[in-house]
Every structure is written in C-alpha cells, then in structure tokens.
Amino acid sequence: MYDYKDPLSFSAAIFLILNGIFGIYTNGSIFLAFVDKKTEKTSFKLICFLRALGNIYVIVIIFWITFLPVVIFGENVLNYKLENIFISTGINLYLVNNYLSLIVALNRFIALYFPLYFSKLCGFKMTFFIYMVYVAFRVSKIINEVFITIKHNCTISFNSTLMSWENNGDKICKDLIGDSQIMVFGLTLLGVMLLNTFTIIKIYRFHKSKITKTIQLKKNIKLFMQTCIQDSLLLIDAIFTFELSQLSDSRLWSFISFTLVWMLIHSFDGFIMMMFDDRSRVKKRNSLQNATISVRVLNTVT
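When we follow the working numbering, the leftmost residue of the sequence shown carries the number 45, and every step to the right adds one.
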C-alpha cells in the first residue's frame, strides 16, 4: 500500500491540489463570465460554459474527492458504489466534452461556408437543444453502467499502486469502458479533424484572394484558432492513453499517462478558453492601464 509517505504519492498529491486550484480558477472564470447578465449569450460561449462545468466536475469530484484521498491515505475512503458513479460520470463527461469539440468544429464550418444559415443551424437555442439530447443519451449510459456494476459487483476505482483508475471484475465489467467508447472517441476526433481541415482551406482561400478581412471573419478565425488548440489537447490525451502508456509499467509512467495528462487536459482547457475570452482580455488590459496610470501619478508626485 502506498500513501503520502511514498515520494511519488506525496508529489502526486501536491500536484493534484495545485493543478486543481489552477483548473478551478481558469474554468471558474468562464463560468462567472457566462452567468454575468452583461455577457452576450452566443452558442460558442454556451459551449465554453458547458465545457467549463464538465471540467470543474472532473477536477473536484474525480481528482479531489475520489483520487486525492487514495493518494494520501493509500486506500479508498468512498463507498465503492459511489466511487463507481463518480468515475463513470467523469468518463462520460470527458466524452461529452469531446462531442462539444465536434459541435464547435461544425459551428466554425457553417459560419465560414454557410453564413446565411448560421443563426438557424448554430443558434443558442439549437446548440443547447442538441447538447441536451446528447447529455440525455450519456445519462442513460451512466444509469445502465451503474445497474451493471451493482449486478455484477464491478468496481471502478482509483488504485494507489497503479496511480490511475482501474476497472475490476468479469468481462462484462471490462466492457463497460472498452472498445465501444474508444470507437466513439476516435470517430468524434476524426470528424473534428475533417471539419477543421475544410475550415483551414476556407481561411487559406480568404487570405490568398486578398479579400478584406471583416470584423466577423477575424472573429471566426480567432475562434477557430481557439478550437484547434483545444482539440489538440484531446489528441495529446489520446496519444498518451492509447499509445505512450504502453511504453512502461512503472507507477510514475502510469501516473503521467493516465492521471496527470487527464487532469492537465481539463485545467488547460479552461486556461485556453480564458485566454481567448474577450472579457478576460479586457480586464487584463484595464489592469495594465490602471497600473500604468498609477506609476505615472507616483512619478509625478515624486
């Protein structure tokens, strides 16, 4: 049994706490910006808001409440049924965020290729409706998984030896999070890459034809760059989870490949959204201007 006395476990606990604080701050800023009455409610900001909510859940419920106690004390402190629900929900939320990347890619594609139909196909209400339909599907999957885990005594829990979560039980338990979900992840990522490719082609043609950049076009390009960076996080996570994790069986590498990368994905997802958020940039600009004015005033006084 490994607890906080183990150097790796101690380091992992510190990382989970610090990176969690960072992730809560970045994703929390997106949450607060969206609920502000002064903020314009667009479909893209809705998607960022929903991603931030999912990221906060994973950081708080999965990493702080579920994983962190195991890393510190070396054993699971939660009831195994509750732990099953928490981890299963977190994994499904990861797939939901992956699906949101597809919606964003489609959003940018329609904005550039079919701008006249954008408000009808990618409006706030339509985006929210599509999201809720998919969430309802994922909730049904979670309920089904919970019933199966109870019936077959499956356990989905964090292991202090492996430094990652594991799925224990018979073949039925193993299939709960298996090839089907990997295939969904792969197909969604492929769809995102294809849509982004067509979007890049359109942007390149705009530059090549020397068409004057409108404000809306600049905005679409900026949002597209944000989505590309966020999509690259999913690709990095997939590479570590399915490929690089096989390079070593050590606890350190297992922690890096499965736990560390997974948490970084959710915290940096919020960081990227915060950096591209107009309100965050305005606040930074105002802070810098205020600081400059204060310095000038002090220099004048002295």
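Yeah, the Cβ is synthetic: ideal placement off N, Cα and C, and Gly gets one too.
Whose C-beta lies closer than 7 Å to the C-beta of residue i among residues of the same chain, with five residues either side of it excluded?
| i | result |
| --- | --- |
| Val236 | Ser145, Leu146, Ala149 and Asp275 |
| Trp297 | Leu291 |
| Ser53 | Tyr46, Asp47, Val115 and Ser204 |
Hey, quick one: how far does the beta strand (DSSP E) through residue i stretch, first residue to last?
| i | result |
| --- | --- |
| Glu84 | Run containing Glu84: none; DSSP gives neither H nor E here. |
| Trp209 | Ser208 to Asn212 |
According to DSSP, is residue i helix, strand or coil?
| i | result |
| --- | --- |
| Asn197 | coil |
| Phe158 | coil |
| Ser338 | Confidence at Ser338 is low in this model, with a pLDDT of 41, below 50, so the placement of that residue is unreliable and no value is reported for it. |
Compare the Cα-Cα distances from residue i to each of the options and report the closest residue.
| i | options | result |
| --- | --- | --- |
| Ile273 | Met317, Ser294, Phe286 and Gln290 | Met317 |
| Ile347 | Lys85, Met319 and Phe302 | There is no way to answer for residue 347, as the model of the chain reaches only from 45 to 346. |
| Trp403 | Gly314, Ile65 and Glu210 | Any question about residue 403 goes unanswered here, given that the chain covers just 45 to 346. |
| Ile91 | Asp80, Lys81 and Phe75 | Phe75 |
| Ser132 | Leu308, Phe299, Gly230 and Val190 | Val190 |
| Phe284 | Arg152, Phe299 and Gly98 | Phe299 |
| Phe320 | Asp47, Ala56 and Ala77 | Ala77 |
| Leu231 | Glu119, Leu139, Ile187 and Ile216 | Leu139 |
| Gly118 | Phe242, Leu206 and Met227 | Leu206 |
| Cys166 | Arg152, Arg295 and Val305 | Arg152 |
| Thr86 | Ile216, Phe172, Phe286 and Met176 | Phe172 |
| Ile244 | Ala57, Ala155 and Ala56 | Ala155 |
Within the same chain, show all residues whose beta-carbon is closer than 6 Å to that of residue i, passing over the 5 residues directly before and after it, in chain order.
| i | result |
| --- | --- |
| Glu210 | Asn203 |
| Val326 | Unreliable positioning characterises Val326 in this predicted model, as indicated by a pLDDT of 48, which lies under 50. A coordinate reading is not provided. |
| Leu112 | Leu60 |
| Ile100 | Asn71 |
| Thr21 | Since the displayed the chain opens at 45 and closes at 346, residue 21 lies outside it and no answer follows. |
| Asn212 | Thr199 |
| Ile134 | Just to set this straight, residue 134 is Gly in the shown sequence, not Ile. Excluding sequence neighbours, Gly134 sits near Val102 and Ile106. |
So residue i is in the alpha helix (DSSP H); what residue range does that whole segment cover?
| i | result |
| --- | --- |
| Glu119 | Where Glu119 is concerned, there is no enclosing alpha helix (DSSP H), given that its DSSP letter is neither H nor E. |
| Lys49 | Where Lys49 is concerned, there is no enclosing alpha helix (DSSP H), given that its DSSP letter is neither H nor E. |
| Val104 | Careful: Val104 lies outside any alpha helix (DSSP H) and carries neither H nor E. |
| Phe111 | Here Phe111 belongs to no alpha helix (DSSP H), and DSSP marks it neither H nor E. |
Beta-carbon within less than 8 Å of residue i's beta-carbon, same chain only, minus the 5 sequence neighbours each way: which residues are those?
| i | result |
| --- | --- |
| Phe168 | Lys85, Thr86, Ser87 and Leu90 |
- Query: For the segment 186-202 against the segment 238-250, are there 3 or more C-beta pairs whose distance is under 8 Å?
  - Reply: no
Flag this pair as touching only if the segment 70-82 and the segment 303-314 have three or more C-beta atom pairs under 8 Å; answer yes or no.
yes
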